[in-house]
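Shown next, in structure tokens, is the structure this report addresses.
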Amino acid sequence: MSTSRITRRDFAVLAGAALVSPVAIAQTDAPLVMRAIPHGGERVAAVGLGTARVFDVNDEPTRRKAAAVVQALTANGGRLVDTASTYGDAEAVLGAIIADAGLRDKLFIATKLESPNAEELKRSLARLKIAEVDLLQLHNVRSTQQSLAAFRGWKEQGICRHVGITSTYHRDYPAVEAVLKREKPDFVQIDYSLDNRAVEKSILPLAADVGAGVLIALPFGRGRLFRAVRGKELPDWARVFANSWGQFFLKYLLGDARVTAVIPGTADPGHMTDNADAMRGPLPDSDQRRRMVDFVEAL
Ligand SMILES: NC(=O)c1ccc[n+]([C@@H]2O[C@H](COP(=O)([O-])OP(=O)(O)OC[C@H]3O[C@@H](n4cnc5c(N)ncnc54)[C@H](OP(=O)(O)O)[C@@H]3O)[C@@H](O)[C@H]2O)c1
Numbered sequence: 000m001s002t003s004r005i006t007r008r009d010f011a012v013l014a015g016a017a018l019v020s021p022v023a024i025a026q027t028d029a030p031l032v033m034r035a036i037p038h039g040g041e042r043v044a045a046v047g048l049g050t051a052r053v054f055d056v057n058d059e060p061t062r063r064k065a066a067a068v069v070q071a072l073t074a075n076g077g078r079l080v081d082t083a084s085t086y087g088d089a090e091a092v093l094g095a096i097i098a099d100a101g102l103r104d105k106l107f108i109a110t111k112l113e114s115p116n117a118e119e120l121k122r123s124l125a126r127l128k129i130a131e132v133d134l135l136q137l138h139n140v141r142s143t144q145q146s147l148a149a150f151r152g153w154k155e156q157g158i159c160r161h162v163g164i165t166s167t168y169h170r171d172y173p174a175v176e177a178v179l180k181r182e183k184p185d186f187v188q189i190d191y192s193l194d195n196r197a198v199e200k201s202i203l204p205l206a207a208d209v210g211a212g213v214l215i216a217l218p219f220g221r222g223r224l225f226r227a228v229r230g231k232e233l234p235d236w237a238r239v240f241a242n243s244w245g246q247f248f249l250k251y252l253l254g255d256a257r258v259t260a261v262i263p264g265t266a267d268p269g270h271m272t273d274n275a276d277a278m279r280g281p282l283p284d285s286d287q288r289r290r291m292v293d294f295v296e297a298l
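Residue 39 in numbering that gives the first Met the number 0 sits at position 40 of the sequence shown, with consecutive numbering throughout.
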């Protein structure tokens with residue numbers, strides 16, 4: 000049973016029967032962590048879904064699995080799905096799910112282009128089966144000279160509602176910073192996880208300065224964090240804010256108010272529910288976040 004779908008009264012009964020922990024009770028019915036997009040102020044649920052690698056083959060088993068994951072996202076209050084023109088067939092898989100389940104209005108769809116190429120944009124919209132994307136990102140920025148002029152033009156035409164840039168290549172972060180400063184996009188997407196915190200001193204403060212929302216790619220370091228704690232119990236001091244390792248790792252990131260949303264990738268609806276539950280209950284404060292860093296550094 001998902002803790003997010005049972006009421007306080009159900010919990011009281013279950014707790015009486017000692018079936019759930021007091022922490023789970025504290026998280027039930029709690030309001031979701033929502034974050035405002037700095038440009039425009041729209042509020043989005045702070046846990047979304049990434050589609051790299053997991054949805055990249057457009058066949059029946061993948062579409063079925065992907066539909067169950069997207070259903071778990073929306074059933075638990077999430078909206079944001081991040082994809083890209085280069086993630087194999089992921090845009091087409093997502094497009095089929097959106098069309099079949101009539102999900103367009105329930106999702107905030109972010110995709111990425113390698114360059115400001117109108118044909119590539121047309122292909123993405125056709126594969127997604129939508130007329131307007133919520134966020135269009137210039138993928139893997141690598142040069143200080145890259146411009147968002149075409150993306151802004153598409154925004155004016157109503158083809159995208161927000162524009163952004165991305166990179167997870169640290170050698171290219173100087174270019175990301177230069178483009179962020181000059182172009183002031185609505186969003187920047189970068190990699191950040193409990194064991195990969197370089198952006199805390201560089202891109203996060205800059206994003207706050209220029210008023211860019213921040214999407215967090217690779218929040219589990221491509222699963223590296225789960226491998227590091229395999230066979231280990233969640234420490235007691237963390238149980239006041241997390242019910243699982245997934246929530247522990249995501250809540251560290253959400254504990255930084257500069258983060259707009261995290262986009263963990265998963266092909267497992269149970270994992271999606273677990274990740275979405277990181278939007279419920281308390282977030283770690285600065286002392287607890289320091290303790291989380293010490294814990295992971297000692298692994
Ligand atoms: N340049 C860029 O813009 C860029 C680059 C890279 C990635 N990204 C974005 O970041 C997203 C996330 O990246 P990612 O998927 O590679 O890495 P990730 O989110 O750091 O980790 C995904 C891994 O964690 C596992 N996992 C997820 N939730 C779990 C849970 N609750 N419990 C246990 N295991 C769990 C997944 O396995 P299961 O499938 O078994 O759950 C998968 O192996 C991508 O989809 C993409 O949208 C952007």
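C-beta atoms are modelled at their ideal positions from N, C-alpha and C, and glycine is treated no differently.
Here the structure is a predicted model, which means the values were calculated and not measured.
Query	Result
With respect to 7 Å, is the separation between the Cβ of residue 250 and the closest non-hydrogen atom of ligand 1 below this value?	no
Can you tell me whether residue 236 is buried or exposed, with buried defined as 16 or more other CB within 10 angstroms of its CB?	exposed
So, using beta-carbon positions, are residue 106 and residue 68 closer together than 8 Å?	no
May I ask which residues mark the beginning and end of the alpha helix (DSSP H) holding residue 293?	285 to 296
Looking at the unbroken alpha helix (DSSP H) that takes in residue 99, where does it start and where does it end?	89 to 100
I want to check one thing, is the minimum distance from the CB of residue 194 to the heavy atoms of ligand 2 below 7 Å?	Although ligand 2 was asked about, the structure shown includes only ligand 1 as ligands.
Leaving out the 5 sequence neighbours to the left and right, which residues in its chain are closer than 7 Å to residue 92 when beta-carbon positions are compared?	54, 57, 61, 62 and 65
Let me check understanding here. Comparing Cα to Cα, which of 142, 150 and 154 lies closest to residue 172?	142
What is the C-beta distance between residue 147 and residue 182, in whole angstroms, given that I count them as a contact (C-beta under 8 Å)?	4 Å
With a threshold of 7 Å, establish whether the CB of residue 29 neighbours any heavy atom of ligand 1.	no
Consider the C-beta atom of residue 123 and the heavy atoms of ligand 1; say whether any pair is separated by less than 7 Å.	no
Locate the alpha helix (DSSP H) running through residue 273, then write down its first and last residues.	268 to 275
Do the segment 284 to 293 and the segment 247 to 266 meet, that is, are 3 or more Cβ pairs less than 8 Å apart?	yes
In whole angstroms, what is the alpha-carbon distance linking residue 289 and residue 184?	30 Å
May I ask you to check if the CB of residue 263 is nearer than 7 Å to at least one heavy atom of ligand 1?	yes
Distance check for residue 297 and residue 247, CA to CA, integer angstroms please.	16 Å
Use the C-beta contact count for residue 83: other C-beta atoms within 10 angstroms, 16 or more gives buried, fewer gives exposed.	buried
Looking at the strands, I want to know which residues DSSP matches up with residue 212.	186
Would you identify the three-state DSSP class for residue 80, choosing helix, strand or coil?	strand
For residue 188, is the classification buried or exposed, using 16 other Cβ atoms within 10 angstroms of its Cβ as the cut-off for buried?	buried
Whose C-beta lies closer than 6 Å to the C-beta of residue 277 among residues of the same chain, with five residues either side of it excluded?	46, 246, 249 and 250
Between 194, 44, 114 and 43, which has its C-alpha nearest residue 294's C-alpha?	194
Report yes if the C-beta distance between residue 29 and residue 238 is below 8 Å; otherwise report no.	no
May I ask which residues mark the beginning and end of the beta strand (DSSP E) holding residue 160?	159 to 166
Could you name the residues of the same chain whose beta carbon sits closer than 6 Å to that of residue 31, not counting the 5 residues immediately before and after it, in chain order?	44, 76 and 278
Do you know how far the Cα of residue 101 is from the Cα of residue 73?	12 Å
Where DSSP assigns a beta bridge to residue 299, which residues make up the other side?	As shown, the chain starts at 0 and ends at 298. That puts residue 299 outside it, with no answer to give.
Using a threshold of 8 Å, state whether the C-beta atoms of residue 162 and residue 151 are closer than that.	yes
Between 166, 145 and 120, which has its C-alpha nearest residue 154's C-alpha?	120
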